[in-house]
Amino acid sequence: MKIQLKFFASVREKLGCGSEVLELDVNSVSAHQVRDLLISRGGVWAEVLAPNKALRMACNQQMLNGDVTLQDGAELAFFPPVTGG
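Mapping the sequence shown onto my numbering, position 16 (from 1) lands on 16, and the numbers just tick up by one.
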């Protein structure tokens with residue numbers, strides 16, 4: 001399955017990228033599992049996406065909690081709780 005990842009505001013700045021396509025060898029995955037996978041990359045990924053960091057997520061432009069199951073082709077966005085215009 002493929003998921004389009006998008007990073008906004010300070011998350012984008014700290015990671016040094018605005019988007020990427022994540023390919024997984026599974027049929028379904030939760031938003032929390034994707035976040036954990038990105039954290040496992042270590043370094044800045046672990047720092048920016050750490051569980052204790054205030055971070056919002058949206059799937060296909062709808063706010064979500066991390067237990068939501070993502071489908072193939074989903075867009076998962078990460079951004080700080082408050083972003084500018």
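Positions of the beta carbon are idealized from the N, C-alpha and C atoms, including for glycine.
**Item:** Residue range of the unbroken beta strand (DSSP E) whose run includes residue 56
**Value:** 56-59
**Request:** Report buried or exposed for residue 50, applying the criterion of at least 16 other Cβ atoms within 10 angstroms of its Cβ.
**Result:** exposed
**Prompt:** Who are the near neighbours of residue 39 in its chain, counting only those whose CB is closer than 7 Å to its CB and skipping five residues on each side?
**Reply:** 45, 46, 49, 50
**Item:** Contiguous beta strand (DSSP E) assignments of at least 3 residues, all confined to the segment 1-49
**Value:** 2-7, 19-23
**Request:** Please list, in chain order, all residues of the same chain as residue 60 whose beta carbon is under 7 Å from its beta carbon, the five residues on each side excluded.
**Result:** 74, 75
**Asked** Buried or exposed: where does residue 41 fall if 16 or more other Cβ atoms within 10 Å of its Cβ makes it buried?
**Response** exposed
**Prompt:** When burial is assigned at 16 or more other CB atoms within 10 Å of the CB, is residue 26 buried or exposed?
**Reply:** exposed
**Asked** Is the distance from the Cβ of residue 67 to the Cβ of residue 30 below 8 Å?
**Response** yes
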